[in-house]
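Numbering (UniProt numbering), first residue to last: 1 to 232. Data block below; observations after.
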């Protein structure tokens, strides 16, 4: 029985890794599509969204089978539960990627203003989301809770950029009243990136839970000096 469950857990981790790579690529393509107005990239993201959803359902089913057939306990149970929650967070990140790609498709009639995107620090925000996701992935692969914890501080930059955006866009709209819709769509992109950071910190919490049985959720997210304020 032990050998069987070990092999199932290895397969589950492999599936999560594949899902992770798919979602990372989705976010990267979506971000690039916004920065370059590449509609083909955006369309690729929308098409691949179906794969993300299918992957989530497959992993959910596999987790249910493992619990039903092998009744895991202790660290094995923590691993399975963490993978279930991480899987759901990855699917939400896939949704955000699709929503960001939709911006590119919906604003085809507007010319991208590189200066506005630079002032909004959009490229920096996209890079930070991808960095957090890659760091969390390494934390899981290496079972390293210090790496997982380091994800929390990185989310602060996303919060800061998102908080500064409304003032920048308000001034831009005053100067370019015909770009109101474009700016509103941009706000949505920034919000999705900020929310992506929240979901990646959720993933980091689940990794800490799996490794060290520490539950950070609804606790102010304070762990060894790393605070994370709760989001709505």
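Ideal Cβ positions, reconstructed from N, Cα and C, are used throughout, including at glycine.
Annotation: the continuous alpha helix (DSSP H) that includes residue 39 extends over 39-70. Counting only runs of 4 or more residues that sit fully inside the region 84-142, the alpha helix (DSSP H) segments are 114-119 and 122-142, in chain order.
Under the 8 Å Cβ criterion, the region 109-128 does not count as touching the region 7-18, having fewer than three qualifying pairs.
CA-CA distance, residue 176 to residue 163, rounds to 21 Å. Of the other Cβ atoms in all chains shown, 16 or more fall within 10 Å of the Cβ of residue 189; this residue is therefore buried. Less than 8 Å separates the beta-carbon of residue 208 from that of residue 149.
Annotated three-state conformation of residue 176 is coil, per DSSP. Of all C-beta pairs linking the region 120-135 to the region 78-89, fewer than three are shorter than 8 Å, placing the two stretches out of contact. The straight-line gap separating the alpha-carbon atoms of residue 183 and residue 53 is approximately 29 Å. Just measuring C-alpha positions, the residue of 186, 159, 6 and 9 sitting nearest residue 195 is 159. Within the model, the alpha-carbon separation for residue 101 versus residue 34 is close to 7 Å.
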